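Visitor: Below is one structure. I have some questions about it.
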Amino acid sequence: MNLTTLFSAYCKSAEKMNRATMYRGTRFGIAVDSDFYAKEWQRYQRLVDLLEVKLNKALKEIDQQKLHKRERSHGSD
Numbered sequence: 004m005n006l007t008t009l010f011s012a013y014c015k016s017a018e019k020m021n022r023a024t025m026y027r028g029t030r031f032g033i034a035v036d037s038d039f040y041a042k043e044w045q046r047y048q049r050l051v052d053l054l055e056v057k058l059n060k061a062l063k064e065i066d067q068q069k070l071h072k073r074e075r076s077h078g079s080d
């Protein structure tokens, strides 16, 4: 999975999580864990957290590659 796909999935999941947050607790003014939107929010929260970890890992790998390229180019001078 490339970085663009990861970021797109992260944004969509965050959007769905935010939508579930808006609906959560609107039934009778109470947020209940058995409520559909609470479960949906929890599911997307886990997905957002997972994708955030993957994005950070991918970005660190890109930074490391750039650093190695820079070191090699300066070392050959």
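Residue numbers for the sequence shown follow the working numbering, so the first one is 4 and each next one is one higher.
Ideal Cβ placement from N, Cα and C applies to all residues, glycine included.
As the structure is a prediction and not an experimental result, all values here were calculated from the model.
Look at the alpha carbon of Thr8 and the alpha carbon of Val56, and state the distance between them as a whole number of angstroms.
Guide: Translated into the one-based positions of the sequence shown, residue 8 becomes position 5. Translated into the one-based positions of the sequence shown, residue 56 becomes position 53. Between Thr8 and Val56, the C-alpha separation is close to 14 Å.
Visitor: Put Asn59 into one of helix, strand or coil per three-state DSSP.
Guide: What you label residue 59 is simply residue 56 of the sequence shown in a count that begins at 1. Residue state, collapsed to three classes: helix.
Visitor: Would you please verify whether the beta carbon of Phe39 is less than 7 Å from any beta carbon of chain B?
Guide: Among the chains of the structure shown, chain B does not appear; only one protein chain is present.
Visitor: Hey, how far is the Cα of Leu58 from the Cα of Gly78?
Guide: In the sequence shown, counting from the first residue as 1, residue 58 sits at position 55. In the sequence shown, counting from the first residue as 1, residue 78 sits at position 75. Roughly 30 Å between the two C-alpha positions.
Visitor: Return the CA-CA distance between Gln48 and Lys69, expressed in angstroms with no decimal places.
Guide: Here residue 48 refers to the residue found at position 45 of the sequence shown. Here residue 69 refers to the residue found at position 66 of the sequence shown. Cα-Cα distance, rounded: 32 Å.
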